[in-house]
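Asker:
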Amino acid sequence: MSTKEISADASHFRLWEFFASIRLTIVLLLTLAATSIVGTLIPQNEDPAAYVQTFGPALYRLLSTLGLFDMYHSGWFRFLLFLLASNIVVCSIDRLKAIWQIVFVKIPAFKIARFRRLPQKEEFHDDRSPAQLQDLYAAFIARRFRYSRVEETDEGFAVFGEKGRLTRLGVYVVHLSVVVLLFGGLVSSFFGIEGFVNIPEGEAVQDIRLRNTNDTLRLDFAIRCDDFSVSFYDSGAPKEFRSKLTILKEGQPIFQKDIIVNDPLRYAGINIFQSSYGEVPPNEVKLEFTSQATGKVYSKQAFIGQEVVIPDNLGTFVLKNFERSASFKGHNIGEAFVGVLTSGDGNSTKVTLPLRFPSFDKMRRGRVAIALAGYTPRYYTGLQVTKDPSVGVVYAGFIMIILGCYITFFTSHQQLCVEIIPAGQKSRIMVAGTANKNKVGMQRKVAQMAEELAKLG
Numbered sequence: 001m002s003t004k005e006i007s008a009d010a011s012h013f014r015l016w017e018f019f020a021s022i023r024l025t026i027v028l029l030l031t032l033a034a035t036s037i038v039g040t041l042i043p044q045n046e047d048p049a050a051y052v053q054t055f056g057p058a059l060y061r062l063l064s065t066l067g068l069f070d071m072y073h074s075g076w077f078r079f080l081l082f083l084l085a086s087n088i089v090v091c092s093i094d095r096l097k098a099i100w101q102i103v104f105v106k107i108p109a110f111k112i113a114r115f116r117r118l119p120q121k122e123e124f125h126d127d128r129s130p131a132q133l134q135d136l137y138a139a140f141i142a143r144r145f146r147y148s149r150v151e152e153t154d155e156g157f158a159v160f161g162e163k164g165r166l167t168r169l170g171v172y173v174v175h176l177s178v179v180v181l182l183f184g185g186l187v188s189s190f191f192g193i194e195g196f197v198n199i200p201e202g203e204a205v206q207d208i209r210l211r212n213t214n215d216t217l218r219l220d221f222a223i224r225c226d227d228f229s230v231s232f233y234d235s236g237a238p239k240e241f242r243s244k245l246t247i248l249k250e251g252q253p254i255f256q257k258d259i260i261v262n263d264p265l266r267y268a269g270i271n272i273f274q275s276s277y278g279e280v281p282p283n284e285v286k287l288e289f290t291s292q293a294t295g296k297v298y299s300k301q302a303f304i305g306q307e308v309v310i311p312d313n314l315g316t317f318v319l320k321n322f323e324r325s326a327s328f329k330g331h332n333i334g335e336a337f338v339g340v341l342t343s344g345d346g347n348s349t350k351v352t353l354p355l356r357f358p359s360f361d362k363m364r365r366g367r368v369a370i371a372l373a374g375y376t377p378r379y380y381t382g383l384q385v386t387k388d389p390s391v392g393v394v395y396a397g398f399i400m401i402i403l404g405c406y407i408t409f410f411t412s413h414q415q416l417c418v419e420i421i422p423a424g425q426k427s428r429i430m431v432a433g434t435a436n437k438n439k440v441g442m443q444r445k446v447a448q449m450a451e452e453l454a455k456l457g
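In my numbering, the protein residues as written are 1 to 457.
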């Protein structure tokens, strides 16, 4: 073998030792625990402006570079999960070699001396000869153990029984389940979707905005908000907000559900959660037109963008838009509707209707004064849209970990020996057993087996 081949083999051995190290497991678990604490102390996936306000620009840039604001999707966190999964796999393989020879051996080895040395064993005498007891005891052991056989010993013969070899693999089922859960976490981190969308009542959207990015994602279906309702406590805090959603496919409704907080809509692997709500500018208001000449008042419903004809040839009015911070002669007058009044001679005038001052337009001199008589609040529903392709993998991992823990803690690999030794015309019987777990339980079982054998007729 060349020097290069020896060096390569040594490198591979050191790499294998590194991944098979229990110290590496402890370091990785402590590191993941510490980072999870950091992820709890630092709110994840918040608005960048909130982070800047909390930490300041310099610290924000540092923490953002380290990926601490979206820790569970960061490259270093994914690397830690991959490293831990590799460590568990290598450790399991490294320790599986010895167990494999015990579990999958075709003919297990029994040494009578081992059972004779056991401190806890049961002995009794039987009036029948060993020849009379051999078939009887062999059949008894065969019924209770998966594997059994009869062997001659230096003093007589023995019936051996064994069961539960596969239970030694319970701990490896637990190891595998952890790897499956870690794999599920990586799948979720790489391929999961987490976004949000605001939908005004009566409207539908198909694009959602992905969290922490400016990217949008187009869904295979549209989400329509048919209705939104909110109820409040006496204190004014929201008590419950509910959205009536419809899933549209190629413009056709195919699924509908009312959702509230913690009761999402689920469709095609997509989860739609009720997250927030807010007000949007109303698109319908009630206006009052007052003729300055006659004093008559005319009430009309107005829709944004639609022309309203004012009686008595007072002209037409078009509600153009809603402004959060309207300006009038250089002064901010707050939220207001803005429209255009066109008189009969074709002259147009901009009209501002502040919400706080419904009769504000009466200060304007003209043939007609316009007042805001009322409007119906209009809401948008804020939805969180998620998709986790690892759900099935995670469920499988939890089932495996429950199964593995049950096998590990509640079952054992058991071996039993019943030795029959001639004692004149009678027989002396020794019953001894061993198990890799629950030694006390095995001792009770040996005593019970001895009692049943003594009564066997």
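Where is the CB? At the ideal position from N, CA and C, for every residue including glycine.
A quick note: this is a predicted structure, and the numbers were derived from the prediction, not measured.
In terms of alpha-carbon separation, which member of 409, 386 and 297 lies closest to residue 218?
Answerer: What you label residue 218 is simply residue 218 of the sequence shown in a count that begins at 1. If we check each option's Cα against that of residue 218, 386 comes out closest.
Asker: Could you tell me whether the region 147-156 touches the region 441-453, using the rule of 3 or more Cβ pairs below 8 Å?
Answerer: Verdict: no, contact absent.
Asker: Can you give, in chain order, each stretch of the beta strand (DSSP E) that sits fully within the region 137-180 and has at least 3 residues?
Answerer: As far as the region 137-180 is concerned, its whole beta strand (DSSP E) runs of at least 3 residues are 147-152 and 157-163.
Asker: Just the Cα atoms here: how many angstroms apart are residue 370 and residue 65?
Answerer: As a position in the sequence shown, residue 370 is number 370, starting the count at 1. As a position in the sequence shown, residue 65 is number 65, starting the count at 1. Each residue's Cα considered, the two are about 55 Å apart.
Asker: By DSSP's criteria, residue 428 is part of a beta bridge. Which residues make up the other side?
Answerer: Counting from one through the sequence shown, the residue named residue 428 turns up at place 428. Residue 428 pairs with 125 and 421.
Asker: Within 10 angstroms of the Cβ of residue 101, are there 16 or more other Cβ atoms? Answer buried if so, exposed if not.
Answerer: Translated into the one-based positions of the sequence shown, residue 101 becomes position 101. Exposed, since its Cβ has fewer than 16 Cβ neighbours within 10 Å.
Asker: Decide if residue 59 is buried, meaning its Cβ has at least 16 other Cβ atoms within 10 Å, or exposed.
Answerer: Locating residue 59 in the sequence shown gives position 59, counting from the first residue. Exposed, since its Cβ has fewer than 16 Cβ neighbours within 10 Å.
Asker: Going by the CB atoms, is the gap between residue 380 and residue 199 shorter than 8 Å?
Answerer: What you label residue 199 is simply residue 199 of the sequence shown in a count that begins at 1. What you label residue 380 is simply residue 380 of the sequence shown in a count that begins at 1. Yes, the pair counts as a contact, with Cβ atoms nearer than the cut-off.
Asker: According to DSSP, simplified to helix, strand and coil, what is residue 452?
Answerer: Against the sequence shown, residue 452 aligns to sequence position 452. The answer is helix: DSSP assigns residue 452 an H, G or I state.
Asker: Between the C-alpha atoms of residue 137 and residue 114, what's the straight-line distance to the nearest angstrom?
Answerer: Mapped onto the sequence shown, residue 137 falls at position 137. Mapped onto the sequence shown, residue 114 falls at position 114. Whole-angstrom Cα-Cα distance: 20 Å.
Asker: With three or more beta-carbon pairs closer than 8 Å as the criterion, would you say the region 237-257 touches the region 150-166?
Answerer: Flag = no, the region 237-257 and the region 150-166 do not touch.
Asker: Is any heavy atom in the ligand ZN found nearer than 7 Å to the beta carbon of residue 274?
Answerer: As presented, the structure is devoid of all ligands, the ligand ZN included, so that no description of it is given.
Asker: Based on DSSP bridge pairs, tell me the residues matched to residue 260.
Answerer: Here residue 260 is taken as the residue at index 260 of the sequence shown, counted from 1. Bridge partners of residue 260: 263.
Asker: Quick check: the Cα distance between residue 518 and residue 267, rounded to an integer number of angstroms?
Answerer: The chain is shown only over 1 to 457; residue 518 falls outside these bounds and no answer can be derived.
Asker: Since residue 421 and residue 155 should fall inside the 8 Å C-beta cutoff, what is the C-beta to C-beta distance between them, to a whole number of angstroms?
Answerer: Start at 1 with the first residue of the sequence shown, and residue 421 comes out as number 421. Start at 1 with the first residue of the sequence shown, and residue 155 comes out as number 155. Rounded, the Cβ-Cβ distance is 5 Å, consistent with contact.
Asker: Write down the C-beta distance between residue 187 and residue 407 rounded to the nearest angstrom, noting that I regard them as a contact closer than 8 Å.
Answerer: Locating residue 187 in the sequence shown gives position 187, where the first residue counts as 1. Locating residue 407 in the sequence shown gives position 407, where the first residue counts as 1. Their Cβ separation, rounded to whole angstroms, is 26 Å, which puts residue 187 and residue 407 out of contact at 8 Å.
Asker: Excluding the 5 residues preceding and the 5 following residue 177 in the sequence, name in chain order all residues of the same chain whose CB lies nearer than 6 Å to its CB.
Answerer: The residue given as residue 177 occupies position 177 in the sequence shown. Once the five neighbours on either side are set aside, the close Cβ partners of residue 177 are 397, 400, 401 and 404.
Asker: Say whether the region 386-395 touches the region 178-185, bearing in mind that this needs 3 or more beta-carbon pairs closer than 8 Å, one atom from each stretch.
Answerer: Output reads yes: the region 178-185 touches the region 386-395.
Asker: Within the same chain, show all residues whose beta-carbon is closer than 6 Å to that of residue 375, passing over the 5 residues directly before and after it, in chain order.
Answerer: Start at 1 with the first residue of the sequence shown, and residue 375 comes out as number 375. Within the same chain, residue 375 has close Cβ partners 282 and 285.
Asker: When DSSP builds the beta bridges, which residues end up paired with residue 217?
Answerer: Counting from one through the sequence shown, the residue named residue 217 turns up at place 217. Answer is 208, bridged to residue 217.
Asker: For residue 6, name the three-state secondary structure that DSSP assigns.
Answerer: Working through the sequence shown from its first residue, we reach residue 6 at position 6. With a pLDDT of only 48 at residue 6, under the threshold of 50, the placement of this residue in the model should not be trusted; the figure read from the coordinates follows. Residue 6: helix per DSSP, three-state reduction.
Asker: Does residue 120 come out as helix, strand or coil in the three-state DSSP assignment?
Answerer: For the purposes of this step, residue 120 is taken as the residue at position 120 of the sequence shown. Residue state, collapsed to three classes: coil.
Asker: For a minimum of 3 consecutive residues, which ranges assigned as the beta strand (DSSP E) are wholly contained in the region 305-387?
Answerer: Qualifying beta strand (DSSP E) stretches, in chain order: 307-310, 315-328, 331-342, 348-354, 368-375 and 378-387.
Asker: Check whether the Cβ atoms of residue 297 and residue 307 lie closer than 8 Å to each other.
Answerer: Locating residue 297 in the sequence shown gives position 297, where the first residue counts as 1. Locating residue 307 in the sequence shown gives position 307, where the first residue counts as 1. No, Cβ-Cβ distance for residue 297 and residue 307 is not below 8 Å.
Asker: Roughly how many whole angstroms lie between the Cα atoms of residue 41 and residue 31?
Answerer: Counting from one through the sequence shown, the residue named residue 41 turns up at place 41. Counting from one through the sequence shown, the residue named residue 31 turns up at place 31. The straight-line gap from Cα to Cα measures roughly 15 Å.
Asker: Below 8 Å on the Cβ atoms is my guess for residue 338 versus residue 326; work out the distance and round it to an integer in Å.
Answerer: In the sequence shown, the residue the question calls residue 338 occupies position 338. In the sequence shown, the residue the question calls residue 326 occupies position 326. About 6 Å separates the two Cβ atoms, so the contact holds.
Asker: Pull up the distance between the alpha-carbon of residue 260 and that of residue 248, whole angstroms please.
Answerer: For this step, residue 260 is matched to residue 260 along the sequence shown. For this step, residue 248 is matched to residue 248 along the sequence shown. Answer to the nearest angstrom: the Cα atoms are 20 Å apart.
Asker: Distance, Cα to Cα, residue 48 vs residue 70?
Answerer: Taking the sequence shown and counting its residues from 1, one reaches residue 48 at position 48. Taking the sequence shown and counting its residues from 1, one reaches residue 70 at position 70. Each residue's alpha carbon lies about 11 Å from the other.
Asker: With 16 other CB atoms within 10 Å as the buried threshold, where does residue 233 fall?
Answerer: If you number the sequence shown from 1, residue 233 lands on position 233. By the 10 Å Cβ count, residue 233 comes out exposed.
Asker: In angstroms with no decimal places, state the Cα-to-Cα distance between residue 88 and residue 413.
Answerer: Here the question's residue 88 lines up with position 88 in the sequence shown. Here the question's residue 413 lines up with position 413 in the sequence shown. Their Cα atoms are separated by approximately 24 Å.
Asker: So is residue 442 buried or exposed if we call it buried at 16+ other beta carbons inside 10 Å?
Answerer: Within the sequence shown, residue 442 is the residue found at index 442, counting from 1. Residue 442 comes out buried.
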